[in-house]
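Chains as they are written, first to last, in this note's numbering: chain Z, 397 to 639; chain B, 10 to 281.
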């Protein structure tokens, strides 16, 4: 059984075919890194998994349940799958603690005290217990991204999707965010990570997927993909990024 | 909502308004005392002007809530996915924004008067309905401008915010209420304050259909100045009227500013 199973997903925006039949599996507790050139459709693929983008064709399964079935409410699916964005997307008008509490209060209908307890717990987990009452604009990029991770974790998701979580950060912040993500991976969180951080992919990923032009070109263990890639497009890409 | 009434941050701004008013009165008295104008002109006219001021206040108290409520709904309608709502909203805005408020007032009031002609209603009631229709016309006019402000506010909330709310499983409507509107509200307050102040001053057009509000009484008082030096007299009276409009507007804009301060959040303040 896989936590997330993607089968033959296609998506076009107008004339532009972004996903051309994607198959992908993420097993429970696995960290899968999706790498590939920009514009290859990696983000769209992640967005198809939590139905932020509805695929034109193909199926997505969450724990063997076909969530692309039109009878399933996308809101329900999104509650089960966390997402962390490149631009953090914290709610600007709310304090850090409120950011984490929002979905607990309005989606899970928890009372204030219970939601606050969970929020504080998750923020402590990402090392931000001292920033509960700060507003997002008062935090560094790395801190904001950790809040975003805590916000996703608070919903107790089955998996978390990371859409280039460190691409908007300075080198110092990248490190603190990756540290939190590595720990999550070790704790057994199911994660699909679109990233350009090859170091992270090598160390933390159980599997690396090379993605280009709307298709999975090649997948395998990090060493295989980085050093002994079979496909020439993968080799060319790796040569460009790895010095 | 009631909590708002007890916020010092708001009242401190209202106090600014009252300070400015008292300052203005002292200035007027001083000028009168220094014989820059005849204090008696001002004193004679004051009771009537105050009466007009009260009526203006009443009209403003009707126009602002209707204008804002309607403006908010129309502005929101213009940002929804529903083509029909969007279309109706744009027709409304396009129409009311392209009409001079004076023409609207006269038009609405005349339509009312013509419709009610020969009805069995008490003539005073008929007259009042026709008069208040003019006020409604002004409210509808400002609603069109406020709708645009609200729409701009909603559209200026970055798409990432709704993405994040969607990704957490919030429904569209709830996202609107807990994410988009609270931010749009903060972003549009300065522009709303601006529109409030201009709609307050537009109430002076109501004397065209016979309202004896502040400018109605001012015209009346000016016509009495034949007894004195006409030019000085009317200058003093219009100066007082302008001053009273200033008081009314300043208190409202200061209150809006107070609300702005109250809800200020780092990262969402509008540059000033």
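Glycine residues also receive a C-beta, built at the ideal position from the N, C-alpha and C atoms.
For residue i, the three-state DSSP class (helix, strand or coil)
{"i": "residue 588/Z", "result": "strand"}
{"i": "residue 606/Z", "result": "strand"}
{"i": "residue 259/B", "result": "helix"}
{"i": "residue 416/Z", "result": "strand"}
{"i": "residue 249/B", "result": "helix"}
{"i": "residue 427/Z", "result": "strand"}
{"i": "residue 281/B", "result": "Confidence in residue 281/B is poor, its pLDDT being 48 and thus under 50, which makes the residue's placement unreliable; the coordinate value appears in the next sentence. Here residue 281/B sits in coil by DSSP."}
{"i": "residue 623/Z", "result": "helix"}
{"i": "residue 152/B", "result": "helix"}
{"i": "residue 77/B", "result": "helix"}
{"i": "residue 631/Z", "result": "helix"}
{"i": "residue 597/Z", "result": "helix"}
{"i": "residue 108/B", "result": "coil"}
{"i": "residue 53/B", "result": "helix"}
{"i": "residue 264/B", "result": "helix"}
{"i": "residue 83/B", "result": "helix"}
{"i": "residue 141/B", "result": "helix"}
{"i": "residue 72/B", "result": "helix"}
{"i": "residue 45/B", "result": "coil"}
{"i": "residue 505/Z", "result": "coil"}
{"i": "residue 99/B", "result": "helix"}
{"i": "residue 62/B", "result": "helix"}
{"i": "residue 472/Z", "result": "helix"}
{"i": "residue 254/B", "result": "helix"}
CB contact flag (residue i, residue j, <8 Å)
{"i": "residue 225/B", "j": "residue 140/B", "result": "no"}
{"i": "residue 591/Z", "j": "residue 630/Z", "result": "no"}
{"i": "residue 430/Z", "j": "residue 605/Z", "result": "yes"}
{"i": "residue 436/Z", "j": "residue 581/Z", "result": "no"}
{"i": "residue 538/Z", "j": "residue 569/Z", "result": "yes"}
{"i": "residue 627/Z", "j": "residue 617/Z", "result": "no"}
{"i": "residue 37/B", "j": "residue 51/B", "result": "yes"}
{"i": "residue 102/B", "j": "residue 156/B", "result": "yes"}
{"i": "residue 545/Z", "j": "residue 576/Z", "result": "yes"}
{"i": "residue 586/Z", "j": "residue 405/Z", "result": "no"}
{"i": "residue 274/B", "j": "residue 489/Z", "result": "yes"}
{"i": "residue 397/Z", "j": "residue 460/Z", "result": "yes"}
{"i": "residue 547/Z", "j": "residue 428/Z", "result": "no"}
{"i": "residue 69/B", "j": "residue 267/B", "result": "no"}
{"i": "residue 58/B", "j": "residue 249/B", "result": "yes"}
{"i": "residue 243/B", "j": "residue 61/B", "result": "no"}
{"i": "residue 205/B", "j": "residue 261/B", "result": "yes"}
Span of the beta strand (DSSP E) around residue i
{"i": "residue 406/Z", "result": "400–409"}
{"i": "residue 455/Z", "result": "453–458"}
{"i": "residue 555/Z", "result": "555–559"}
{"i": "residue 479/Z", "result": "477–480"}
Start and end residues, alpha helix (DSSP H) containing residue i
{"i": "residue 32/B", "result": "17–42"}
{"i": "residue 375/Z", "result": "Given that chain Z is displayed from residue 397 to residue 639, the structure contains no residue 375/Z and the question cannot be resolved."}
{"i": "residue 230/B", "result": "223–233"}
{"i": "residue 581/Z", "result": "567–582"}
{"i": "residue 210/B", "result": "190–211"}
{"i": "residue 438/Z", "result": "438–445"}
{"i": "residue 173/B", "result": "168–176"}
{"i": "residue 545/Z", "result": "537–550"}
{"i": "residue 497/Z", "result": "492–502"}
{"i": "residue 182/B", "result": "181–184"}
Sheet register partners of residue i (DSSP bridge)
{"i": "residue 614/Z", "result": "606/Z"}
{"i": "residue 421/Z", "result": "401/Z"}
{"i": "residue 462/Z", "result": "457/Z"}
Where residue i meets chain D, residues with beta-carbon distance less than 7 Å
{"i": "residue 213/B", "result": "Protein chains Z and B are contained in the structure displayed, whereas chain D is not."}
task = Would you be able to state if there are at least three C-beta pairs under 8 Å between the stretch 469–478 of chain Z and the stretch 153–172 of chain B?
result = No, they do not touch.
task = Would you check if the stretch 194–212 of chain B and the stretch 172–184 of chain B touch, i.e. whether three or more CB-CB distances between them fall below 8 Å?
result = No, the stretch 172–184 of chain B does not touch the stretch 194–212 of chain B.
inquiry  = Would the stretch 521–539 of chain Z count as touching the stretch 486–503 of chain Z if we require 3 or more Cβ pairs under 8 Å?
reply    = Yes: the two stretches touch, three or more of their Cβ pairs being nearer than 8 Å.
query = Taking three-plus beta-carbon pairs below 8 Å as touching, is the stretch 111–130 of chain B in contact with the stretch 182–192 of chain B?
reply = Taking 8 Å as the limit for Cβ pairs, the verdict is that the stretch 182–192 of chain B does not touch the stretch 111–130 of chain B.
key: Segment contact flag, the stretch 199–214 of chain B with the stretch 245–261 of chain B, C-beta cutoff 8 Å, min 3 pairs   = These segments touch.
message = Three Cβ pairs or more, each shorter than 8 Å: is that satisfied between the stretch 438–452 of chain Z and the stretch 405–418 of chain Z?
response = Segments in contact, yes.
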